[in-house]
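From first to last, the protein sequence lines stand for chains A and B.
Going by UniProt numbering, 127 is the number at position 127 of the first sequence; the sequence numbering is gapless.
Going by UniProt numbering, 52 is the number at position 52 of the second sequence; the sequence numbering is gapless.
2 protein chains.
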Amino acid sequence: MHEIGFIRDLAMVMIVAGATTVLFQRLRQPVLLGYILAGVLIGPHTPGVLVGDPRAIDDISNLGVVLLMFTLGLEFSVRKLREVGLGVLMVAVIEVGLMFWIGTGLGEALGWNRMDALFLGALISLSSTMVATRTLAEGGLRHMPFAQRVVGILVAEDVLAIVILTVLSAVAIGGAMEAGTALTVVGHVGLFVVAGMILGLLLLPRLIDYVAGFGRDETLLVSALGVCFGASLFAAWLGFSVALGAFLAGAVIAEARNAHRVMRLVEPLRDMFAALFFVAIGLKIDPALLWQYVLPALGIAAVVMIGKTLAVGMGMVAVGQEVRSSIRTGLSMAQIGEFSFVIAALGASLGVVSDFIYPIAVAVSVVCMAASPYLVGHANGIVDGMRRVTPGPVRLLLTSYANWLGSLRPVEQNAMIAAMLRRLLWHIGINVVLVVTLFVIGAYVNAHNWAWFSTFGVGRETRHSLIFAAALFLSLPMLIAIYRKAEALGMLLAELGIREQFAGGYTHTIRNLLARLIPLGALLALGLLVSVLGSAILPPRGVAIVLLVAGVLLSAVLWRALVKMHARLQAALRDTLERPSPDE
Amino acid sequence: MHEIGFIRDLAMVMIVAGATTVLFQRLRQPVLLGYILAGVLIGPHTPGVLVGDPRAIDDISNLGVVLLMFTLGLEFSVRKLREVGLGVLMVAVIEVGLMFWIGTGLGEALGWNRMDALFLGALISLSSTMVATRTLAEGGLRHMPFAQRVVGILVAEDVLAIVILTVLSAVAIGGAMEAGTALTVVGHVGLFVVAGMILGLLLLPRLIDYVAGFGRDETLLVSALGVCFGASLFAAWLGFSVALGAFLAGAVIAEARNAHRVMRLVEPLRDMFAALFFVAIGLKIDPALLWQYVLPALGIAAVVMIGKTLAVGMGMVAVGQEVRSSIRTGLSMAQIGEFSFVIAALGASLGVVSDFIYPIAVAVSVVCMAASPYLVGHANGIVDGMRRVTPGPVRLLLTSYANWLGSLRPVEQNAMIAAMLRRLLWHIGINVVLVVTLFVIGAYVNAHNWAWFSTFGVGRETRHSLIFAAALFLSLPMLIAIYRKAEALGMLLAELGIREQFAGGYTHTIRNLLARLIPLGALLALGLLVSVLGSAILPPRGVAIVLLVAGVLLSAVLWRALVKMHARLQAALRDTLERPSPDE
């Protein structure tokens, strides 16, 4: 009787979504496809319009993106990324890059302007996690080894999607695609991600486990949502996308012991808002407009399906997977989906792309989604067909490549040393990133909050000195850790690099030298790093030298305390990351 | 970076809700109270406003009402209402009526106008299911017998709430409280509820179980939400409240075998939107305005707490419960809550109540919510205190009343006969309601769709004849069932009413007479009913007589087929209602 307008529209959307989900499930078609078609049917462009004000629905459907990214984050987890392996990560990067390049080229070949072409590249570079995982689940293939690799690539693509989204919006606002801008943006995102992850990992899993201890689902859910939206807002405030914040919040909470409970509670929310999100996409579609672009859309869909299959398949072969399962991995990823809509909507909301980009994105996705179950279902036939048309020499090449790769596998002792090396490099890398983060935060504080300082009567130079000192002293534990790890690295490399049979009697001396040189080099590099990073907040030369000397002295005096502090921080992080989760 | 406005507000709300839920859980205070206070803090009336556009939040928070009512319905279930027992139902009706009367009187005593007083009565008549069940759960009292009775009364109150909401809006639109209007509205609601329940029970549990068979949570959730919103929309379209539709949808789905799965999926949604709902209430509050009405609010809160405790407590004593547990039942219900906000918002949106009603409703609820844990926690002390101040004679009276009631308990054979009687009356009642529904639908079709008839060249009289005939023939199975049940009732009453020791040799004759008289009377009453109901669609006299004769002949010829058809319908209903659910 009252407050009907909005509820009426929402009710219409939920009713058609409910009917479609049952119908498409029954027809064994992707439900997402059904949502979009239902949206078109009840949308304002169809005679007998049922939804009056798609704006309001659009507003809430945007919640779908936040919740979607949050659950993707929850399923992501740092642990999984480590399990995926470097090979799969590389395949993802190469494949996404390739598709981006193909898409941009295609757009230009179609005579589109530069920005449209750029967005087309972005649109077709990312597969749909929702479609791919569901198609695999519905085909009963979820536990096959190739399906595991599909999930791995999808996880890696999620991270790349975030980067692409951020770069695209920076570029769109800046108006031109410059390598410099892109790199800066990627750098910023990287910093934000790493700093956010580390700070988050130290705080949030503990918070969530504490709240879970109350034993009430409502409290756990509402506070998890608070964290999710808080992170989104924080990311947006720093100029990143809300999606990035939500994803990071999810990835961090995934390390809580009660992450599976959060997941169970958030899933229904995600499902409801995902349904809203996809119906809302349909609502925006004018079928007449779609019809106008049916030919380019079909062409692009063909490029997506063939391109993705070949790019992923060849990538997997390149990192040593068997040909048949590589192609099946590719076929499972031969579609675009939710990210394409997000990207197209971004372009439209910034007003930088032509009007036809959105309908084309939807049309291509719809074609790919509809084809996906058939591609996955007939994978074996498709592989056999491809084998028949592949010339003999190429097949021979593939076989010898696989043999060659097999012969490269590290033998046992080398594998152990390689693992140690990797671990040391990881530690050094993370600590370097932390130091960089501290100085960047210092520069940020310096650039933005100086009005606040001047109210306290602090001048420019004093301000610089204060911030520089704070950044430096907060970095001390990390700097010492880098030095120690570099020492260990030096010793390991010395053992490894200088074999007795070559160096004879000098072995010991040379090894000692090398073991000293590497940490010294590291110290030098660190000094350089600190002064470059601190250039914006560098105090007057005299003060800087005094501070550096004070830092060195402090390190010497507090060495053991600082080592201990760093060890405790590291242990806290490792606890969070390496605790076996109950659902594994 | 984009679409921030709305998401920003929502994020702020979720962040404060997340923080409050943890804080209030920690302080062992009702979380709902925390949500409201948080809303006030970030609202537009507080300096340092954090939420820019409360309208958008209000829009979504209204979803909270729909989802809340849906889950209340899911927890309700016809089975539970039957288990609650007639006594508890009567207590609920009397207690709600009493509080309504007290509230209206109080409003008039305060010099308010008639409509304000009426809304005050409605506001304070309904306890808060959320606060009461949570307080009991948090106090670890959930499984005590008195807590079960609290839940029973709350369930009954939910039904009364629906009636009150419907009557209030009819009255508010009509502008005056007339007994006639109210009765008509209650009649309409009753018809809608019974017809909706019966049709729903025949269709929806099967549908939900069918969908649940797909084994995918998303499909089940989205289709259940589709049903929920569909029912809300249907109710709104017929002029009832969306809350009523959602509640009925829940109550009907509660009879599906997979109702517990639906519940598990809908609960997180309810929790999120309930948080939004209560924060949105806080957002609407101007603390300055609240302060202005602090005295009347405190007075009303005292009336609510004392009135509810005594009304429920005395009611429970009256139906034979022990005094201490009766008072504890009363203390558990001594608060108002979500319905008060819904009613106050209804009044405000219809523009029929003064501006101060909403803040007063919130203030009273807040005071009662805050007091609730203490009332429940110190129930024993309060009962002891009440006992000390109760004069001796009153205590004696209570004891003798309890003894008298105990002596009234039906002995074994009587109890069996009473059960048979009750069952027959139930069956007759339901069938009468169904017949009435069919004719009302006929009248409705006649009143609204006659343009459609005239396009087919059907005149007024032919239209009447057609509709009347359809209603009559569709009613035949029910009419026959009523006749048969009335026959059985007659026989039972004859056995029961005419004892051999009084009637002697005439016993058999008199019994036979009575056994015939009752079904004949029923037939007569039915004829009267049909003609009264059909008055709007009564065809010309000749046609009517022909139709009635045709009906009687048809009944005679098809008697067995019609009995069978009715039995099949009834069996389908009984199957749904009496199948043991897996969670019991």
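Every residue, glycine too, gets a C-beta built ideally from N, C-alpha and C.
The CB of Thr219(A) comes closer than 8 Å to the CB of Thr21, Val22, Gln25 and Val31 in chain B, given here in chain order. Neighbours of Gly226(B) across chain A, judged by C-beta separation under 7 Å: Met14, Ile15, Ala17, Gly18 and Ala19.
Residues of chain B whose Cβ lies closer than 9 Å to the Cβ of Pro268(A) are, in chain order, Asp217, Glu218, Leu221, Arg264, Leu265, Val266, Glu267, Pro268 and Leu269. With respect to chain A, the C-beta atom of Ala275(B) has a partner C-beta closer than 8 Å.
As the crow flies, the alpha-carbon of Met144(B) is around 13 Å from that of Arg324(B). DSSP, reduced to helix, strand and coil, places Ser128(A) outside both helices and strands of the structure shown, so it counts as coil. Collapsing the DSSP output to three states places Lys485(B) in a helix. Interface annotation for the segment 203–217 of chain B against chain A: Leu207, Tyr210, Val211, Phe214, Arg216 and Asp217, criterion Cβ-Cβ distance under 9 Å. The C-beta distance from Val227(B) to Ile253(B) rounds to 7 Å, short enough to fall under 8 Å. The three-state reading of DSSP puts Ile428(A) in helix, counting H, G and I together.
Setting aside the 5 residues that flank it on each side, Ala370(B) is surrounded in the same chain by Gln29, Pro30 and Leu33, each with a C-beta closer than 8 Å to its C-beta; the list follows chain order. Arg28(A): not part of any alpha helix (DSSP H); DSSP gives it neither H nor E.
It is roughly 8 Å from the alpha-carbon of Ile94(B) to the alpha-carbon of Gly315(B).
Setting aside the 5 residues that flank it on each side, Ile518(A) is surrounded in the same chain by Ala486, Leu489, Gly490 and Leu493, each with a C-beta closer than 7 Å to its C-beta; the list follows chain order. Just measuring C-alpha positions, the residue of Gln570(B), Ala122(B) and Met14(B) sitting nearest Gly347(B) is Ala122(B). The continuous stretches of alpha helix (DSSP H) do not include Val319(B), and DSSP gives it neither H nor E.
DSSP places His45(A) outside both helix and strand once states are collapsed to three, so it counts as coil. Between Leu233(B) and Leu136(B), the alpha-carbon positions lie close to 34 Å from each other. A straight-line Cα-Cα distance of about 46 Å links Gly245(B) and Val193(A). Burial state of Phe456(A) is exposed, judged by a 10 Å Cβ sphere holding fewer than 16 other Cβ atoms.
Counting only the Cα atoms, Gly521(B) lies some 11 Å from Ala515(B). Within a 10 Å sphere around the beta-carbon of His378(A) sit fewer than 16 other beta-carbons, which makes this residue exposed. Short of 6 Å from the beta carbon of Thr133(B), and not among the five residues preceding or following it, lies no beta carbon of its own chain.
Contact annotation for Ser232(B) against chain A: Ile7 and Ala11 [CB-CB distance below 8 Å, chain order]. Contact between the segment 213–225 of chain B and the segment 261–276 of chain B is present, with at least three C-beta pairs closer than 8 Å.
Between Phe468(B) and Pro540(B), the C-beta spacing is not below 8 Å.
The way I'd put it, the segment 149–169 of chain A does touch the segment 61–80 of chain A; three or more beta-carbon pairs between them come closer than 8 Å. Taking a Cβ-Cβ threshold of 7 Å, the residues of chain A close to Val242(B) are Ile7, in chain order. Segment contact: the segment 390–406 of chain B against the segment 432–447 of chain B, fewer than three CB-CB distances shorter than 8 Å; contact not assigned. In the structure shown, the three-state DSSP call for Asp355(A) is coil. Rounded to whole angstroms, the separation of the alpha carbons of Glu495(A) and Met416(A) is 14 Å. 8 Å or more divides the Cβ of Leu106(B) from the Cβ of Ile57(B). Within chain B, the C-beta atoms nearer than 8 Å to that of Val66(A) come from Ile7, in chain order.
The Cβ of Phe229(A) sits closer than 8 Å to at least one Cβ of chain B. In the structure shown, the three-state DSSP call for Pro391(A) is coil. Using a Cβ distance threshold of 8 Å, Ser169(B) and Ser241(B) count as a contacting pair.
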